[in-house]
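So the sequence shown is numbered by my numbering: it starts at 20 and just counts up by one. Don't be surprised by glycine CBs; every beta carbon is placed ideally from N, CA and C. Given the structure is predicted, the values throughout are model-derived calculations rather than measurements. Data block below; observations after.
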Amino acid sequence: MNILMSDRQAGLQMKQVSFHEKLVQHNLHIQRQSIEVLQLNLGKKCNLACHHCHVDAGPNRTELMAPDTVDRILHLIDKQPEIHTVDLTGGAPELNPEFRHLVSALRARRKHIIDRCNLAILQEPDQSTLTGFLAENTVHIVASLPCYSENNVDMQRGRGTFQSSIEALHALNGAGYGINSELQLDLVYNPVGATLPPDQVQLEKRYKEKLLEDFGIHFNRLLTITNMPINRFLHALQRDGKDQEYWQLLIENFNPKTIGQLMCKNQLSIAWDGEIFDCDFNQMLQLGCHATKTNVHDIEHFQELCELKIRTANHCYACTAGSGSSCGGSLD
Ligand code: SF4
Ligand code: SF4
């Protein structure tokens, strides 16, 4: 099964409706309307190696965004003032040696900065000043915590991860995160298995009660994200013989109301090597956007990539199923 085919039936059985056909059935098309958010993948190196990881990140990966690429992106950001948010991801973005330089440069430009943080990184011995640095720069932290139960988190992210995440959350609360209105701390939930996430509002309520009661932890919002059937998660589904069941679940729950809110409509995703994609997931599949020049070193202005038709394929079902899904949580 080759998802990179990105054509009619990639990943699906013949009887199943492709994402392109589904859009036609509903008379929908997906086109970028603006570029307000940049998501930068600073590299594939990570202190963890989670089962659901769509980046295939891990401690042995060496791909990191280079200093000249970081500087080129800052130059292009200066030419596009409507970019208000820069979302830093990886791997563990904090492991890129350019991370602090980039955060300081974005802060000087008054951008909203998001750090997609796996929490355990804050507990690494060589990262003892990281929490303070993030707070000083009012970086918005979006942290994965796939469950409030130790067993579920350790099953998905590796033994001991839950405990170190709780310690990191205590340290973040201690620095004012989740308490001081300027220091936003959001948590991310994704299902442990081949299911859709539950209702975001209800689950947030449950997380808040459990984390406060059991650990005295405060946070702002819970974002529910649907697992994307690509890379490591797809391989796990295939290994367990659950891939077709999962595709069927996504297809049956297609929700046309999510199309207007898709994150690809107002953002671009940039890979560690400067290549530009419509979203982080397309980046992982190496599905380039519909443009002739697609690297930050080759373009003169991000505007060249605005108003392009988005490169969609069957994995887009994961963004449009149920309440929808994006890096900012549910959509509908
Ligand atoms: S922490 Fe995130 S980037 Fe790192 S392995 Fe886990 S899912 Fe992948
Ligand atoms: S995977 Fe989601 S965000 Fe990416 S192009 Fe498809 S619908 Fe848009």
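Grouping DSSP H, G and I as helix and E and B as strand, with all else coil, what is residue i?
i	result
serine 123	helix
glycine 193	helix
serine 345	strand
phenylalanine 321	helix
phenylalanine 118	helix
asparagine 272	coil
histidine 45	coil
asparagine 314	strand
glutamate 169	helix
lysine 227	helix
leucine 306	coil
glutamine 267	helix
phenylalanine 152	helix
phenylalanine 6	Nothing about residue 6 can be read from this structure; the chain reaches only from 20 to 351.
leucine 83	strand
Can you grab the Cα-Cα spacing for the pair residue i / residue j, in whole Å?
i	j	result
tyrosine 167	lysine 130	31 Å
methionine 20	glycine 30	Summary for methionine 20: the model assigns pLDDT 37, below 50, so the residue's position carries little reliability; its value from the coordinates is reported in the next sentence. Cα-Cα distance, rounded: 6 Å.
asparagine 192	isoleucine 236	7 Å
phenylalanine 252	tryptophan 266	12 Å
arginine 330	isoleucine 278	14 Å
glutamate 201	methionine 247	31 Å
leucine 107	histidine 159	10 Å
alanine 187	phenylalanine 238	12 Å
glycine 179	lysine 34	43 Å
lysine 224	threonine 311	46 Å
asparagine 171	proline 165	8 Å
histidine 309	lysine 284	14 Å
glutamine 99	leucine 287	13 Å
leucine 42	glycine 293	30 Å
histidine 254	methionine 174	17 Å
arginine 91	isoleucine 289	12 Å
aspartate 145	alanine 111	14 Å
glycine 343	tyrosine 226	20 Å
asparagine 156	alanine 85	22 Å
leucine 93	alanine 124	8 Å
leucine 23	glutamate 264	Note that leucine 23 scores a pLDDT of 41, beneath 50, so its modelled location is shaky and nothing firm can be said.
histidine 334	serine 349	16 Å
aspartate 262	glutamine 32	11 Å
valine 220	phenylalanine 234	21 Å
threonine 104	glycine 307	22 Å
serine 37	histidine 48	14 Å
glutamate 82	phenylalanine 152	24 Å
leucine 206	glutamate 143	20 Å
threonine 150	alanine 194	7 Å
serine 147	alanine 190	11 Å
So residue i is in the alpha helix (DSSP H); what residue range does that whole segment cover?
i	result
leucine 107	Leucine 107 -> not in any alpha helix (DSSP H); beta strand (DSSP E) instead, spanning 104-108.
glutamine 286	Unbroken run through glutamine 286 is the beta strand (DSSP E), 286-289; no alpha helix (DSSP H).
glycine 77	Careful: glycine 77 lies outside any alpha helix (DSSP H) and carries neither H nor E.
threonine 339	336-339
glycine 179	It is not in any alpha helix (DSSP H) - glycine 179 carries neither H nor E in the DSSP assignment.
arginine 51	No alpha helix (DSSP H) holds arginine 51; DSSP gives it neither H nor E.
leucine 256	250-258
Determine the extent of the beta strand (DSSP E) in which residue i is found, giving its start and end residues.
i	result
cysteine 136	131-136
glutamine 205	The question names glutamine, but residue 205 in the sequence shown is aspartate. Unbroken beta strand (DSSP E) run through aspartate 205: 204-208.
glutamine 58	56-60
alanine 162	159-163
threonine 243	241-243
Below 7 Å, is the gap between the Cβ of residue i and the nearest heavy atom of ligand 1?
i	result
asparagine 250	no
asparagine 156	no
serine 163	yes
cysteine 166	no
alanine 68	yes
cysteine 72	yes
alanine 111	yes
arginine 176	yes
asparagine 137	yes
cysteine 325	no
cysteine 65	yes
alanine 340	no
alanine 76	yes
Answer yes or no: does any C-beta atom of chain B fall closer than 8 Å to that of residue i?
i	result
serine 183	Here chain B cannot be found, since the structure has a single protein chain.
Exercise for the section: Could you name the residues whose beta carbon sits closer than 6 Å to any heavy atom belonging to ligand 4, keeping them in chain order? Expected result: Of the ligands one can find in the structure shown, namely ligand 1 and ligand 2, none is ligand 4.
Practice task
Please confirm if the stretch 122-139 is in contact with the stretch 60-74, defined as three or more CB-CB distances below 8 Å between the two stretches.
Solution key: yes
Exercise for the section: Say whether the stretch 267-277 touches the stretch 326-342, bearing in mind that this needs 3 or more beta-carbon pairs closer than 8 Å, one atom from each stretch. Expected result: yes
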